[in-house]
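Comments concern the structure below.
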Amino acid sequence: MKLNLRGIIPPMVTPLTENGEIDDKGLKRLIEHLIDGGVHGIFLLGTNGEGPSLSYELRRELVYKACEIIDKRVPVLVSITDTVFDESVKMCRHSKQAGADAVVIAPPYYFPISEDEMKDYLQHMVGELSLPFVLYNMPSCTKLHLSIDFVKFAKDLGALGIKDSSGDLGYLHDLIFTFKDSSDFSVIAGTESFLSSTILHGGQGAIAGGANFFPKLFVDLYNASLNGDLLEIEQLNEKVDHIYETIYNVGRHSSRITKGTKCALSVLNICDDYMALPLRRFDMRERNKIEEYIRQFQSSLTC
453 MKLNLRGIIP
463 PMVTPLTENG
473 EIDDKGLKRL
483 IEHLIDGGVH
493 GIFLLGTNGE
503 GPSLSYELRR
513 ELVYKACEII
523 DKRVPVLVSI
533 TDTVFDESVK
543 MCRHSKQAGA
553 DAVVIAPPYY
563 FPISEDEMKD
573 YLQHMVGELS
583 LPFVLYNMPS
593 CTKLHLSIDF
603 VKFAKDLGAL
613 GIKDSSGDLG
623 YLHDLIFTFK
633 DSSDFSVIAG
643 TESFLSSTIL
653 HGGQGAIAGG
663 ANFFPKLFVD
673 LYNASLNGDL
683 LEIEQLNEKV
693 DHIYETIYNV
703 GRHSSRITKG
713 TKCALSVLNI
723 CDDYMALPLR
733 RFDMRERNKI
743 EEYIRQFQSS
753 LTC
């Protein structure tokens, strides 16, 4: 299948109610917010989507409802990474039935595995897939940093591209250089602050968490990078950097990025900020900080 994997693809949060169910109204508002902001695709059940913390039933429900609302307006990618091989295959089948366009595969977490074991795993997985797949490099969560040679192996198996969330800019540039002549393989940054560098070096886009709450900011930065508008790139990168210094810097734990993203959406009245355990939403003191930062950003974005 030919899928134009490019641009800004937010790793969409999963709107939840206080009882841990899908927030249907919040889900619709969020999807419309993203599409109105000009995003080029939507990624479900990733880290910001709290995928590993959701029950299989809830994951299936989220994919079905999201695909129904999106209605083919933009491509839908679904993470099927799991500790259980058969559950990944089942989620792929469900995603296809729901109308998704591709699945995203990272090394199964918990057990540390070798790259040779991952090759064997992926080869078996591809034989069971009913949708095209995108590779996901997330060593901080999977214990395995995928080498360039492994990515070549995955491409030969049919991978459409790779989302790199290693945080290693040199590695990302190496990926872009390695596959620069492969028009059918996309290199997508998972670190949103790398967006402009990715595009300027020949990459295809970013799965940017901040695009959940400020999609247009990241779409504008993507377009400026495509056009080589260095002044606008500099100005927009300052705003992206400021997200790291403010919204992503509230709270004491590494979960603060996911919590801050959901809290920002709640402050914007798009969806509530209830989290799936083990995460908990910010307390009122932390929420007040997010509210202030959002007010500051809204003023700067309209200037």
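Numbers given in the numbering used here equal positions in the sequence shown, counted from 1, plus 452. Ideal Cβ placement from N, Cα and C applies to all residues, glycine included.
Between the C-alpha atoms of Arg512 and Ile614 there is a straight-line separation of about 24 Å. In its chain, beyond the 5 residues on either side, Ser540, Met543, Cys544 and Val555 have a beta carbon closer than 6 Å to the beta carbon of Ile532.
In this structure, the alpha-carbon of Pro730 lies about 43 Å from that of Asp681. Three or more beta-carbon pairs drawn from the segment 657 to 665 and the segment 716 to 724 are found closer than 8 Å, and the two stretches are therefore classed as touching. In this chain, Val465 is not harboured by any beta strand (DSSP E), its DSSP state being neither H nor E. The beta carbons of Gly712 and Pro463 sit about 14 Å from each other, so the pair does not count as a contact at 8 Å. When DSSP assignments are scanned along the segment 610 to 653, the uninterrupted stretches of alpha helix (DSSP H) that are 4 or more residues long and fall wholly within it turn out to be 621 to 630 and 647 to 652.
By the neighbour-count criterion, in which 16 or more other beta carbons inside 10 Å mark a residue as buried, Asn471 falls on the exposed side. Ile722 carries a coil assignment under DSSP once its states are collapsed to helix, strand and coil.
For Val692, the uninterrupted alpha helix (DSSP H) segment begins and ends at Leu682 to Glu697. Proximity of the segment 646 to 656 to the segment 617 to 632 meets the contact definition, three or more beta-carbon pairs being nearer than 8 Å. Within the same chain, Phe537, Pro559, Pro560 and Ile565 come within 8 Å of Tyr573 by CB-CB distance, once the 5 residues on both sides are set aside. With a beta-carbon spacing of about 4 Å, Arg733 and Asp725 fall inside the 8 Å limit used to define contacts. Unbroken alpha helix (DSSP H) runs of no fewer than 4 residues, entirely contained in the segment 527 to 557, are found at 537 to 550, following chain order. For Tyr588, the pairing in a beta bridge is given by DSSP as Lys615. Taking a cut-off of 8 Å on C-beta distances, the segment 521 to 530 touches the segment 547 to 554, as three or more cross pairs fall below it. For Phe563, there is no enclosing alpha helix (DSSP H), as DSSP gives it neither H nor E.
Contact between Ile461 and His485 fails: their C-beta atoms lie close to 15 Å from each other, not under 8 Å.
For Leu596, no beta strand (DSSP E) run applies, since DSSP gives it neither H nor E. In terms of Cβ geometry, Glu567 and Leu612 do not form a close pair [threshold 9 Å]. With fewer than 16 other Cβ atoms inside 10 Å of its own Cβ, Glu580 counts as exposed. Listed in chain order, the non-local C-beta contacts of Tyr562 below 8 Å within the same chain comprise Thr535, local neighbours out to five positions each way being set aside. DSSP places Ala658 within a strand segment (E or B) once states are collapsed to three.
Inter-residue distance for Ile600 and Gly642 is about 16 Å (C-alpha atoms, whole angstroms).
Ranking Glu644, Ser649 and Thr650 by CA distance to the CA of Leu669 puts Glu644 first. Within the DSSP bridge table, the entry for Phe495 names Pro463 and Leu529 as partners.
Contact check for Val702 and Ile659: beta-carbon distance about 22 Å, past the 8 Å limit, so the pair fails to qualify.
Nearest to Ile474 by C-alpha distance, out of Gly501, Leu510, Lys454 and Leu482, is Leu510.
Here Asp616 really is in contact with Asn589; their C-beta atoms are around 5 Å apart, less than 8 Å.
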